[in-house]
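Sequence lines, in order, name chains E and C. Using the working numbering, the letters of the first sequence map in sequence onto residues 776 to 1123. Using the working numbering, the letters of the second sequence map in sequence onto residues 776 to 1123. Cβ coordinates follow ideal geometry from the N, Cα and C atoms, glycine included.
2 protein chains.
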Amino acid sequence: MLPSNKITLKKIAHDLNMSTSTISRALRDNHEINAVTKERILAYARELNFRPDTIARTLRNGKSKTIGVVLSTVENPFYSQVINGIESAAYQSGYNVCITQSHESYDLEKMQVAHLTRNSVDGILMSLAAGTTDTTYLKRIKDAGLPIVFFDNIDQGIDSHKVVADNFKGAFEATSQLLNSGYKNVAFISGPANNSITVERMAGYLKALTQNGIIANEATIKYCMHDGENDCEIENAIDELFLLDNRPDAIFTATDNVSTKVFQSIRRREIQIPDEVALFGFTNSKLAELTFPALSAVHQPGFEMGKKAAEMLLDLIKNNRSNTEYQTVVLPVQLFSRASSGSITILG
Amino acid sequence: MLPSNKITLKKIAHDLNMSTSTISRALRDNHEINAVTKERILAYARELNFRPDTIARTLRNGKSKTIGVVLSTVENPFYSQVINGIESAAYQSGYNVCITQSHESYDLEKMQVAHLTRNSVDGILMSLAAGTTDTTYLKRIKDAGLPIVFFDNIDQGIDSHKVVADNFKGAFEATSQLLNSGYKNVAFISGPANNSITVERMAGYLKALTQNGIIANEATIKYCMHDGENDCEIENAIDELFLLDNRPDAIFTATDNVSTKVFQSIRRREIQIPDEVALFGFTNSKLAELTFPALSAVHQPGFEMGKKAAEMLLDLIKNNRSNTEYQTVVLPVQLFSRASSGSITILG
DNA sequence: GTGAAAGCGCTAACAC
DNA sequence: GTGTTAGCGCTTTCAC
C-alpha cells in the first residue's frame, strides 16, 4: 500500500494491482469495464472515502462544472434571493456556484470576471455594476466561447440570453398608483442614468406621467451614480428636490438601495410620510411591510430570476450552443401598496 | 506563431524561441533571470494579454490562493456584512474568496465543505449550520492539514482559531434593559439549544434574571431547531408563550432571523409593542431603526468579524503554522435600545 | 476488458 | 542565466 495521506487514482491502482485507467473507468461509470472489477474498485474507493480531485479533472477536461456569478453585493436582499435561485438550479445539475461581488465598481467587476475565467468557470451569470459603461471586455470573453447570461442590470450591446424583471410595468404601476392617490408632483430618484434598469423604470415613470396629462420636469428627476452608496448622493438629491419652488409631494425611488436610503433619510429629517411626502419604491426586503410607515414597493421575483438565468446558462453550457437564438425573459413584478404611498397598511 | 486561441507559457516560449521555464521565471519575478530577457517576455505577455491558468498552477503548487467560506445564508444581513469583511482581508493578500451556503443543514454543510476541499481551497472559514451537532468530519479535515477558522456559531470541540461576538454580554445587557424598564416576565426565544450562540446568549439572559432576583421559568424559554426557518417554529413558540397563565410581558429574541420573524408575527397578530409585549433582539438589519415600533437590538460587528477571521486564517495559511497556540477573539457588540423595548426612539 | 503512454498548463529540481 | 525533464492527478487514445 502506498502512503495514505493522499488518496489518488494511482494509489488505488497500486493497492489493487491495476492500472489507473481502469480505476478511472470504474469511477466514471464507463461501460467498457468488467462488472466484477468495477465493483471491487468501487468498494475499495468507498472504503478509503476517495474523492477525485476537481482541479486535476478540470485541467484535464477543460471544464470545471462551476458557474461564476458577478453581482453588486449580496447585502442587497434582492441579490441574495437571486443567489438562492441560482444555487437551486445549479445543484440540481451537479454544478457548483462561485459568488463574487463588484460593489458597483467597474474595476472590481473586471477583476472578478478575470478571476472567474482564470479559474475555468464553465459560464458566467452577471448583473452589471452601476459603474460599468464599457462592456467590450465581456464581449471578447463571450466571443472566445465562454457563455454569459445577463440578469437584472443587463447590457444592451451584447447579444446573449437575458433575464430581467418587468421594470417598465413596475415603475408605471407604482407611479400610476401615486398619481391615482392624488399626488400631483411625483419625483424620481434612481441609480445611474445609463443603467438598463434605470432606463426602463424611467420609461415606465414617464409613461404614467404622460398618461395622466403631466409633463415631466427635469428638476424632479435625480440619478445616483453609485446607486446611493456614495456619501451624499441621496442627501443631495433630497435636498435639491425639497428646495424646488414646486416641491414634490411624492417620490418614486427606482432601486432597492435607493429606496431604503431615501426612506431612511426622510425619516431622519422627521418629514411626515405620506402627509408631507409619499414614497413608493423598489425593494425585496422582507422588513418593508414592518417599517413605519409601511413601505410601498415593487417586489421583483429574485429567486425565479436566479433560477431562470442559471437554467439558461446551463443549457448553453451543456448543449454547447454557439449559434442559438438568444432570448430575453421578462418576469412579472408584484406591487405592494402600503401606507407610505397613502394607502392603508394591510399586514400579511 | 502557434495558434492564438489559447495563450499558454508554451506558446509564448515558442514565439520567443525560449523555454517555458524562462517564461515562467520572468512572469513570477524570479531573480535568476536576465533583466533584458525578462522585459522582452513581459512586454510580449502584456501584448497578448496573457493570464496564467490558475487551475494548472493550483494543481502544480498544491495551493489555490482561494479561501472557502461556509455560512448559513447570505440573506442574513449579518452574514453579508461578514462576507465584506472577509473579502477586504483576502483581496489585500491576493486571495480569492469562494462563498457557499449551508442553509442551516448539516448535510448541505458537509457537501459544501467537500466541494471546497476537492477544489483545493487553502483554508476554510466557517460558521456552523444550526443543524450540525457532529463535527468529526471537520476535525478530520483540520487534522489532515487544512486550516479552519470558526466564526459566529463555533464548535467547542475543535481546537482552532475562533472569532465571536460578545454574545454573553449582548444578551445580558439586552435582558437587563428590559428588566430595568419595568418588565417582569421576560421570555427567551432562540435558535437550536445546542448552538454555541444560543448557549452563550442564554447564559447572559439567565445571569440578568438572577441578578434581578428572578428565577428562570422553563416554560418561557423556547428554542427553534431551524432558527425560525421551519414552518411553524416561531408561531408555535409565540402561541405557547401567550397561553401561559403568567404571560410574558417581554421577549428577548436571541438570533437575527428569530428576531425579525418574531417581530413580524407579533405585528401580524396586532399585538401592541411594547404595551402588550416588549421586544429586544439580535439583528444587523439596517431597517431595524425604521420599523414600527423601532426594533431594539444587539448589533454584532459583522464586517470586523469577517475581517479578523480571514486575517487569522491567512496567517495560518501563509506561515503554515501547525502547532500554534489557537486563540478565541471576542468582539464587542453594540446595543440599540429603541421603542420596541419601551425606550424612546431616537433616529440617527 | 485492461494497460501503457501522452498530455492538460504550470513549476522546480537539476544540468550546463 | 537558460534549457531539459519530470510530474501535480486525472482522462483518453491506442495497443493488445
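Contact criterion: CB-CB distance below 7 angstroms. Does V849 of chain C meet it with respect to chain E? Any Cβ of chain E closer than 7 angstroms to the Cβ of V849 of chain C would place that residue at the interface, and such an atom is present.
Since R803 of chain C meets chain E, which of its residues come closer than 8 angstroms, beta carbon to beta carbon? Neighbours of R803 of chain C on chain E: none; closest Cβ ~15 angstroms, over 8 angstroms.
So who's on the other strand from N851 of chain E, going by DSSP bridges? According to DSSP, N851 of chain E bridges with nothing at all.
Check the DSSP bridge columns for A968 of chain C and list the partner residues they point to. DSSP output for A968 of chain C lists no bridge partner at all.
In the DSSP assignment, what residue or residues form a beta bridge with Y980 of chain C? None; Y980 of chain C has no bridge partner.
Using a Cβ cut-off of 7 angstroms, pull out every chain E residue sitting near C999 of chain C, in sequence order please. Within 7 angstroms Cβ-Cβ: nothing; C999 of chain C doesn't reach chain E, min ~17 angstroms.
Among the candidates C:K914, C:D927, C:N1011, whose CA atom is the shortest distance from the CA of I996 of chain C? Distance check between I996 of chain C and each of C:K914, C:D927, C:N1011 places C:N1011 closest, using alpha-carbon atoms only.
Once the 5 residues before and after L921 of chain E are set aside, which same chain residues still bring their CB inside 7 angstroms of it? T892, G898, I899
Between T995 of chain E and chain C, is any beta-carbon pair separated by less than 7 angstroms? no
6 angstroms Cβ shell around K982 of chain C - same chain, five flanking residues per side excluded: F947
Residue-level contact to chain C via CB, G1123 of chain E, 7 angstroms cutoff: Reliability of the predicted coordinates at G1123 of chain E is poor, the pLDDT of 39 falling under 50, and no value is obtained from them.
Hey, quick one: how far does the beta strand (DSSP E) through Q1109 of chain E stretch, first residue to last? 1109-1111
Is it buried or exposed, G1081 of chain E, if we count other Cβ atoms within 10 angstroms and call 16 or more buried? buried
Using a cut-off of 8 angstroms between C-beta atoms, extract the partners of A831 of chain C located in chain E. Around A831 of chain C, the beta-carbon contacts reaching into chain E at under 8 angstroms are L834.
DSSP three-state assignment for M901 of chain E, whether helix, strand or coil: strand
Under a CB-based cut-off of 7 angstroms, is R1042 of chain C close to chain E? yes
Cross-chain neighbours of N894 of chain E in chain C, by beta carbon under 7 angstroms: Within 7 angstroms Cβ-Cβ: T829, I830.
Cβ of H1125 of chain C within 7 angstroms of any chain E Cβ: The requested residue 1125 of chain C is not part of the displayed model; chain C covers only 776 to 1123.
Assess contact between the region 1061-1072 of chain E and the region 901-911 of chain E, defined as three or more Cβ pairs (one per stretch) separated by less than 8 angstroms. Is contact present? no
Just verifying my parser: in three-state terms, what is the DSSP assignment at G1081 of chain E? G1081 of chain E: helix per DSSP, three-state reduction.
If Q856 of chain C sits next to E850 of chain E, beta carbons under 8 angstroms apart, how far is it from one beta carbon to the other, in whole angstroms? The pair is a contact, with the Cβ atoms about 7 angstroms apart (cut-off 8 angstroms).
In three-state terms, what does DSSP make of N871 of chain E? strand
Would you report the Cα separation of L1122 of chain E and N824 of chain C, rounded to the nearest angstrom? Caution is warranted here: a pLDDT of 44 is assigned to L1122 of chain E, below 50, making its placement in the model unreliable, and no coordinate value can be reported.
Tell me which residue opens and which closes the beta strand (DSSP E) that G1056 of chain C is part of. Where G1056 of chain C is concerned, the enclosing beta strand (DSSP E) stretches over 1053-1057.
Just checking, does the region 1020-1040 of chain C make contact with the region 965-981 of chain C on the three C-beta pairs under 8 angstroms criterion? yes
Could you compute how far the alpha carbon of I861 of chain C sits from the alpha carbon of V872 of chain C? Whole-angstrom Cα-Cα distance: 8 angstroms.
Pick out whichever of E:Y912, E:Y980, E:A865 has its Cα sitting closest to the Cα of Q887 of chain E. E:Y912
Complete alpha helix (DSSP H) runs within the region 813-844 of chain E (minimum length 4 residues, chain order): The region 813-844 of chain E contains these whole alpha helix (DSSP H) runs: 829-836.
Using Cβ-Cβ distances below 9 angstroms, what residues of the region 1044-1069 of chain E are close to chain C? E1045, S1060, K1061, L1062, A1063, E1064, L1065, T1066, F1067, P1068, A1069
Count the other C-beta atoms from every protein chain shown that fall within 10 angstroms of the C-beta of Q952 of chain C, then say buried if there are 16 or more, exposed otherwise. buried
Is the separation between the beta-carbon of N928 of chain E and that of E975 of chain E shorter than 7 angstroms? Not closer than 7 angstroms, so no.
Say whether the region 998-1009 of chain C touches the region 1045-1054 of chain C, bearing in mind that this needs 3 or more beta-carbon pairs closer than 8 angstroms, one atom from each stretch. The region 998-1009 of chain C makes no contact with the region 1045-1054 of chain C; the number of CB pairs closer than 8 angstroms stays below 3.
Assuming contact is defined by CB atoms lying nearer than 7 angstroms, are I798 of chain E and A788 of chain E in contact in what I supplied? yes
Who pairs with V1105 of chain C in a beta bridge, going by DSSP? V1105 of chain C is bridged to C:V939.
Alpha-carbon spacing of V1033 of chain E relative to G1056 of chain E, whole angstroms: 8 angstroms
Which two residues bound the contiguous beta strand (DSSP E) that contains I996 of chain C? 996-998
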